[in-house]
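Protein chains in written order, with the working numbering: chain A, 3 to 148; chain B, 29 to 348; chain C, 202 to 541.
Everything on this sheet refers to the single structure shown next.
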Amino acid sequence: MTAKAKIALFQCRWCLFSPADQEWVDTQLPENIHLTKTPCTGKINPLYLLNAIQGGADGIMISGCLPEQCHFKTGNLAARRQLEEFNDFLHYIGYEKERVHFLWLDLQDRGIIQKELAAFEAELEAMGSTQHLATRVMRAEGGENA
Amino acid sequence: MPDINALKLEAKRILREGIVDVVVGFKPGDSPLHPQPAFFRNEDEVEELIHNGLCKNNLANYLTRLPKQEKVGILVRGCENRSVNSLIVESQKERDDLYLIGIPCEGIIDWRRIVEQAGEHISMVEDNESEVTVHAPTGVNSYNRFDLLHESCQRCLHRNPVSADTLIGDPVANGSLELATQKVKNFESQDIEARYAFFQKEAERCIRCYACREACPSCYCTECFVDHNTPRWTESGATPAGMQGWHIVRAFHQSGRCTSCGACERACPMDIKMTYLTEKLNHDMREKYNFECGMDAETKPPFQTVTLDDKNRFFVGGGK
Amino acid sequence: MNLILPKIDLPDLLQSWRKKFTVFLPQKLERFSHFMPLDDANAEILEQPHNTRIPPKALFLPMTEALVKFTRFGTYDDAELEVSPRIVFGMRPCDAQAVQLLDTVFEQEQYTDPFWVKRQEKTIRIGLGCHVPCANGFCTTVGYGPFSKDGLDILLTDLGDSFLVEVLSESGKTLFENLHEASEELKNQAKEIQHKAHDAMPIAFETENLKEKIEQNFKSDYWDEVSRSCLGCGVCTFLCPTCFCFDIVDEVQRQERVRNWDSCMFRIYSLEASGHNPRPSRIERTRQRLSHKYAYWLDQIGLIGCTGCGRCVSYCPVGLDIRAMLRQAQSLPFEVSHAE
Numbered sequence: 003m004t005a006k007a008k009i010a011l012f013q014c015r016w017c018l019f020s021p022a023d024q025e026w027v028d029t030q031l032p033e034n035i036h037l038t039k040t041p042c043t044g045k046i047n048p049l050y051l052l053n054a055i056q057g058g059a060d061g062i063m064i065s066g067c068l069p070e071q072c073h074f075k076t077g078n079l080a081a082r083r084q085l086e087e088f089n090d091f092l093h094y095i096g097y098e099k100e101r102v103h104f105l106w107l108d109l110q111d112r113g114i115i116q117k118e119l120a121a122f123e124a125e126l127e128a129m130g131s132t133q134h135l136a137t138r139v140m141r142a143e144g145g146e147n148a
Numbered sequence: 029m030p031d032i033n034a035l036k037l038e039a040k041r042i043l044r045e046g047i048v049d050v051v052v053g054f055k056p057g058d059s060p061l062h063p064q065p066a067f068f069r070n071e072d073e074v075e076e077l078i079h080n081g082l083c084k085n086n087l088a089n090y091l092t093r094l095p096k097q098e099k100v101g102i103l104v105r106g107c108e109n110r111s112v113n114s115l116i117v118e119s120q121k122e123r124d125d126l127y128l129i130g131i132p133c134e135g136i137i138d139w140r141r142i143v144e145q146a147g148e149h150i151s152m153v154e155d156n157e158s159e160v161t162v163h164a165p166t167g168v169n170s171y172n173r174f175d176l177l178h179e180s181c182q183r184c185l186h187r188n189p190v191s192a193d194t195l196i197g198d199p200v201a202n203g204s205l206e207l208a209t210q211k212v213k214n215f216e217s218q219d220i221e222a223r224y225a226f227f228q229k230e231a232e233r234c235i236r237c238y239a240c241r242e243a244c245p246s247c248y249c250t251e252c253f254v255d256h257n258t259p260r261w262t263e264s265g266a267t268p269a270g271m272q273g274w275h276i277v278r279a280f281h282q283s284g285r286c287t288s289c290g291a292c293e294r295a296c297p298m299d300i301k302m303t304y305l306t307e308k309l310n311h312d313m314r315e316k317y318n319f320e321c322g323m324d325a326e327t328k329p330p331f332q333t334v335t336l337d338d339k340n341r342f343f344v345g346g347g348k
Numbered sequence: 202m203n204l205i206l207p208k209i210d211l212p213d214l215l216q217s218w219r220k221k222f223t224v225f226l227p228q229k230l231e232r233f234s235h236f237m238p239l240d241d242a243n244a245e246i247l248e249q250p251h252n253t254r255i256p257p258k259a260l261f262l263p264m265t266e267a268l269v270k271f272t273r274f275g276t277y278d279d280a281e282l283e284v285s286p287r288i289v290f291g292m293r294p295c296d297a298q299a300v301q302l303l304d305t306v307f308e309q310e311q312y313t314d315p316f317w318v319k320r321q322e323k324t325i326r327i328g329l330g331c332h333v334p335c336a337n338g339f340c341t342t343v344g345y346g347p348f349s350k351d352g353l354d355i356l357l358t359d360l361g362d363s364f365l366v367e368v369l370s371e372s373g374k375t376l377f378e379n380l381h382e383a384s385e386e387l388k389n390q391a392k393e394i395q396h397k398a399h400d401a402m403p404i405a406f407e408t409e410n411l412k413e414k415i416e417q418n419f420k421s422d423y424w425d426e427v428s429r430s431c432l433g434c435g436v437c438t439f440l441c442p443t444c445f446c447f448d449i450v451d452e453v454q455r456q457e458r459v460r461n462w463d464s465c466m467f468r469i470y471s472l473e474a475s476g477h478n479p480r481p482s483r484i485e486r487t488r489q490r491l492s493h494k495y496a497y498w499l500d501q502i503g504l505i506g507c508t509g510c511g512r513c514v515s516y517c518p519v520g521l522d523i524r525a526m527l528r529q530a531q532s533l534p535f536e537v538s539h540a541e
């Protein structure tokens, strides 16, 4: 892979308790990371993930809060049930499981997200880009469904 | 096979006694291969009622399409009964407005298999316990019934209605969990390339007619995510991304709501395999949450119920 | 011009066409047949007893095609369409007839569709008559037949060991150069086969006054009755060789304006931006589908917009049968109009 791995980052707006970390995410994210801030991980629809993948993301990181620390009490639990299953499901049809990364942060955590993102990026670059799951391109004339 | 006269008597009785306004069942179609769903509103109409192995639709589908205030009598097999329960859980229908006539089911015959074996010109199909006799111009032939069954019926787990008001016919033996999960396990044991190749081959034959959606009792949204255009969730054309997106999300929306009836696959004009997707989700619901959709009319599917007990399993699937 | 083509020579002939043309012919895809381009490997000629699952209209009006490519900065270009010369081999007469009907839609005086025209011009259509009647077709009922020649450049008749080649147009002539003229005996044999096939197709319903009956019973309960079990999927329209509705959509992420097949059986087909839907239920949508084929086409070009291929009958998920619907429509009351 020549270009840097493209990462779609879905971040719960409550999970980075330290202003410094949030500031970093808001202003200093590298260009290859696309940030989508959500009110809670519970807001993240599996369709968001699919859209990111079909839009050409090499990997997806979801950062949220630990159990019992959710701003909305159970949002993260609902998210985990759905998104984990969605990831399993994508894996079942041939998408690498490692390309979706969950980062559950403790309120005490500081400076974790930077390290995790760097590690995830390195991991994705080692894996290379994937042909699995189509992105939005036209099919050539005379193909199966021409 | 259910005794058709007993079925008619029961349908007539509930109409006569005013227990229901309409009975949903099947009537003969133009071709013996295609019985049609039908709505019987008086005793005379019930004379047309039939029920055999070629009745391929999931009748629970019509519950959300009939006027809300109507009391409905419906013929249910195992899968249809569970679909009805699932709709009750999702507040689409009140149990008190329903009268379920249960029919133990020995599987739905795939009409395409009959056509493959005996050609298009079929004049009559006799459906017996273990054999199906097909009358065609080329001759009269009998086939093993199990071989002609639709795939999802061959591995069906719950063949008897689970909460019918009356049961017409004797209960049949239920399927085995081992057989029911065989397909998913076989598919999972393949490597990632093979799995994707299969998914791609199947999904990209799609013509986006949405017969799978319309045939499914759980797909009752007024506006489907593919019809939505602000925002656009997935491409609406027959492009690889659009077709894959449709198949992924259609199946995923069924997680914990699918009763493995296989109506989607039977409706597909392009013979696309779809149940391997929903079976996987059903399998996971069973393994992770010990949940089987539609076994009663109270239990909510796992995605609607979250408990703090979940935290013990929180980091399964990634994270620190 | 009637020529004779031994079946044994057909594979070589098809291969020789490949030098100049892309040859589409029905090949096996899963459990059905589908028009696919011929390559070296799959020279096997499929003796399909009936139609392909997807009608060959898809070769002229693809399910999805780009019309315009645009950029985020407001500039745009028409999509370029390169079509190499092609041969469609083994089209059934009902499908060829349907493509000809669609010409009247896409090649009108004021409005011509450049994509459709370009594909048409570059295509030679070789038809294969149906000597075995199909179970759900009703071509003779709607005024066509298993050996209709409309819309074809060449019609083949299966004579057992060979095909009788009827050359119907100039462009068809060049394809069969080294063939012998058929003997009178064989010509007569072919005629007999054609007549037999024609007679073997039963008349499924009467078409007389059907248009008046449909039009005058616009508000009849009949429509409710026939559409009651309809699911509202697009099988009947997408597999129909004469359905041509399309939807133009901007695929913003891909920066293309595309045209996709659309179906009058879908809820969003007639949904307006205000939220009002002039065809709110399946009753109105079913009425639209039947009326279009059996009344509105007649108003526009004087022909029934259905060629009786029978696909909608075979593949309807709930077993709805257009033949039965129209038989029922024949019993509707109507008045003869004296205006004409």
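The C-beta atom is built at its ideal place from N, Cα and C for all residues, glycine as well.
Asked                                                                                                                                                                                    : Found
Do you know offhand how far residue 125 of chain B's Cα is from residue 104 of chain B's?                                                                                                : 15 Å
From residue 425 of chain C to residue 417 of chain C, what does the alpha carbon distance come to, in whole angstroms?                                                                  : 15 Å
Quick one: grab the DSSP three-state call for residue 345 of chain C.                                                                                                                    : coil
Mind checking if residue 225 of chain C is an interface residue toward chain B, Cβ cutoff 9 Å exclusive?                                                                                 : no
Note down the Cα distance separating residue 348 of chain B from residue 460 of chain C, rounded to an integer number of angstroms.                                                      : For residue 348 of chain B, the pLDDT reaches just 42, beneath the cut-off of 50, and the residue's location in the model is therefore unreliable, leaving the point undetermined.
What does the alpha-carbon distance come out to for the pair residue 265 of chain C and residue 116 of chain B?                                                                          : 39 Å
Please compile the residues from chain C whose C-beta is within a distance smaller than 7 Å of the C-beta of residue 263 of chain B.                                                     : 452
If we call anything under 9 Å between Cβ atoms a contact, is residue 137 of chain A one with residue 55 of chain A?                                                                      : yes
For residue 59 of chain A, decide whether its Cβ has a neighbour in chain B, counting only Cβ atoms nearer than 9 Å.                                                                     : no
Rounding to the nearest angstrom, what Cα-Cα distance links residue 233 of chain C and residue 255 of chain C in this structure?                                                         : 9 Å
Could you check the C-alpha separation between residue 241 of chain B and residue 362 of chain C for me, to the nearest Å?                                                               : 46 Å
Evaluate residue 257 of chain C with the Cβ neighbour count: other Cβ atoms within 10 Å of its Cβ, from every protein chain shown; 16 or more gives buried, anything less gives exposed. : buried
Does any C-beta atom of chain C lie closer than 9 Å to the C-beta of residue 67 of chain B?                                                                                              : yes
Count the other CB atoms within 10 Å of the CB of residue 230 of chain B; is the residue buried (16 or more) or exposed (fewer)?                                                         : buried
Residues in the region 498-530 of chain C with C-beta within 7 Å of chain B's C-beta atoms, listed in sequence order?                                                                    : 516, 518, 519, 520, 521, 522, 524 and 525
For residue 234 of chain C, which three-state DSSP category applies?                                                                                                                     : strand
Please check the pair residue 77 of chain B and residue 68 of chain B, which I expect to be a contact at CB under 8 Å, by giving their CB distance rounded to whole angstroms.           : 6 Å
Going straight from the alpha carbon of residue 151 of chain A to that of residue 52 of chain A, what length do you get?                                                                 : One cannot answer for residue 151 of chain A here, as it falls past the ends of chain A, which runs 3 to 148.
I'd like to know if residue 75 of chain B contacts chain C, where contact means its C-beta is closer than 9 Å to some C-beta of that chain.                                              : no
Which class does residue 502 of chain C belong to by DSSP, given the choice of helix, strand or coil?                                                                                    : helix
With distance defined between alpha-carbon atoms, name the residue in C/411, C/462, C/452 and C/433 nearest to residue 535 of chain C.                                                   : C/411
Between the beta-carbon of residue 191 of chain B and the beta-carbon of residue 39 of chain B, is there less than 9 Å?                                                                  : no
Is it buried or exposed for residue 334 of chain B, if we count other Cβ within 10 angstroms and need 16 for buried?                                                                     : buried
Assign residue 214 of chain B to one of two classes, buried (16 or more other C-beta atoms within 10 Å of its C-beta) or exposed (fewer than that).                                      : exposed
For the beta strand (DSSP E) containing residue 14 of chain A, list its first residue and its last residue.                                                                              : 9-14
Please name the residue, chosen from C/364, C/393 and C/401, that lies closest to residue 341 of chain C on a Cα-to-Cα basis.                                                            : C/401
Counting only beta-carbon separations shorter than 9 Å, does residue 288 of chain B have a partner in chain A?                                                                           : no
Across which residues does DSSP place residue 270 of chain C in a beta bridge pair?                                                                                                      : C/278 and C/457
How many whole angstroms separate the CB atoms of residue 178 of chain B and residue 138 of chain B, which I take to be in contact at a CB cut-off of 8 Å?                               : 4 Å
Tell me, please, which residues DSSP counts as bridged to residue 50 of chain B.                                                                                                         : B/100
Does any residue of chain B bring its CB to less than 9 Å from the CB of residue 90 of chain A?                                                                                          : yes
Would you please verify whether the beta carbon of residue 89 of chain B is less than 9 Å from any beta carbon of chain C?                                                               : yes
Taking C-beta to C-beta, are residue 304 of chain C and residue 508 of chain C nearer than 9 Å?                                                                                          : no
Can you name the residues of chain C whose CB is closer than 7 Å to the CB of residue 57 of chain B?                                                                                     : 520 and 522
Check whether the Cβ atoms of residue 434 of chain C and residue 243 of chain B lie closer than 9 Å to each other.                                                                       : yes
Determine the direct distance from the alpha carbon of residue 183 of chain B to that of residue 119 of chain B, and round the result to whole angstroms.                                : 29 Å
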